[in-house]
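Undergrad: The structure's right below; bear with me while I get my questions together.
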């Protein structure tokens, strides 16, 4: 078995997804058992997952891979067995995909190619590509709870804030001296974790004031 590279819960908290190798396992948390697999989509390891609810009640599961591609799967509430992707988003990134952030039918992807892309999951179109969004790999992303701000972390230790509407950069800060491995936020604060053995807490504003 390959290492587990990412995990995700659905909105109801009843279905758990684990990415390992080139596939994703679907777990029913009421039974603590595997009920399905998402396979046939990637030619290399799945590096990141994002899950959102859909108008049909199904889970919209998005996978990003080292093969540069993003795949979209529909997973029903009682789905079992093997599922294949509904669509592949085009054009692909130029390098492996490190992170995804999803809200409703809007998806953001971050890659080792230093690019952030904004996608519509309604019509599967690329809406905007931020070429050179960072100077190194984009290693982490999250959305503010209101969805108006995208936060991205980089292998060079920087964090940037973007408007999700027009993708204009709002702020940039040197948050760490080593690669950022994870970034999350709530309505007032941003939390970053890096390879320098530290987690840091920031006040969510136009400057990201450091609190710790």
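In UniProt numbering, the protein residues as written are 1 to 212.
We put the CB at the ideal spot given by N, CA and C, even for glycine.
Quick caveat: nothing in here was measured; it's all calculated off a predicted structure.
Closer than 6 angstroms by C-beta to residue 91: which residues in its own chain qualify, once you throw out the five before and the five after it? Chain order, please.
TA: The residue you call residue 91 lines up with position 91 of the chain shown. If we look at residue 91 and ignore the five residues flanking it on each side, it has no Cβ neighbours.
Undergrad: Terminal residues of the continuous beta strand (DSSP E) containing residue 17?
TA: Counting from 1 along the chain shown, the entry for residue 17 is found at position 17. Unbroken beta strand (DSSP E) run through residue 17: 15-20.
Undergrad: Reducing DSSP to helix, strand and coil, say where residue 115 ends up.
TA: Along the chain shown, one-based indexing puts residue 115 at 115. Coil at residue 115, not helix or strand.
Undergrad: Evaluate contact between the region 73-88 and the region 51-59, counting only Cβ atoms and requiring at least three cross-stretch pairs below 8 angstroms.
TA: The region 73-88 vs the region 51-59: in contact.
Undergrad: Which residue marks the beginning of the beta strand (DSSP E) containing residue 35, and which one marks its end?
TA: Counting from one through the chain shown, the residue named residue 35 turns up at place 35. Its beta strand (DSSP E) spans residues 33-38.
Undergrad: Output the distance between the C-alpha atoms of residue 107 and residue 31, rounded to the nearest integer angstrom.
TA: Here the question's residue 107 lines up with position 107 in the chain shown. Here the question's residue 31 lines up with position 31 in the chain shown. Rounded to whole angstroms, residue 107 to residue 31 spans 30 angstroms at the Cα level.
Undergrad: Pick out the complete beta strand (DSSP E) segments inside the UniProt repeat "WD" (39-75), 3 residues or longer, and give them in chain order.
TA: List check, beta strand (DSSP E) in window: 46-53, 59-65 and 70-75.
Undergrad: Pairing CB atoms from the region 121-136 with CB atoms from the region 150-161, are three or more of them under 8 angstroms?
TA: These segments touch.
Undergrad: Quick one: Cα of residue 128 to Cα of residue 146, how far?
TA: Numbered from 1 along the chain shown, position 128 holds the residue referred to as residue 128. Numbered from 1 along the chain shown, position 146 holds the residue referred to as residue 146. Approximately 20 angstroms between the Cα atoms of the pair.
Undergrad: Of the choices 123, 69, 178 and 52, whose alpha-carbon is the least far from that of residue 40?
TA: Within the chain shown, numbered from 1, the residue matching residue 40 stands at position 40. It is 69 whose Cα lies nearest to the Cα of residue 40.
Undergrad: For residue 71, does the count of other Cβ atoms within 10 angstroms reach 16, so buried, or fall short, so exposed?
TA: On the chain shown, residue 71 is found 71 positions in, with the first residue counted as 1. Under this definition residue 71 is a buried residue.
Undergrad: Keeping to the same chain, check which residues put their C-beta closer than 8 angstroms to that of residue 7; ignore five residues upstream and five downstream.
TA: Here residue 7 corresponds to residue number 7 of the chain shown, with the count starting at 1. Result list for residue 7: 16, 17, 18, 19 and 49, in chain order.
Undergrad: Quick one, which of 85, 139, 189 and 98 has its alpha-carbon nearest residue 149's?
TA: The residue given as residue 149 occupies position 149 in the chain shown. Comparing Cα-Cα distances from residue 149 to each of 85, 139, 189 and 98, the minimum goes to 189.
Undergrad: Under the rule that 16 or more other beta-carbon atoms within 10 Å means buried, what is residue 174, buried or exposed?
TA: Residue 174 sits at position 174 when you count from the first residue of the chain shown. Exposed, by the Cβ-count rule.
Undergrad: May I have the straight-line CA-CA distance separating residue 167 from residue 119, to the nearest angstrom?
TA: Along the chain shown, read from residue 1 onward, the residue named residue 167 stands at position 167. Along the chain shown, read from residue 1 onward, the residue named residue 119 stands at position 119. Roughly 12 angstroms between the two C-alpha positions.
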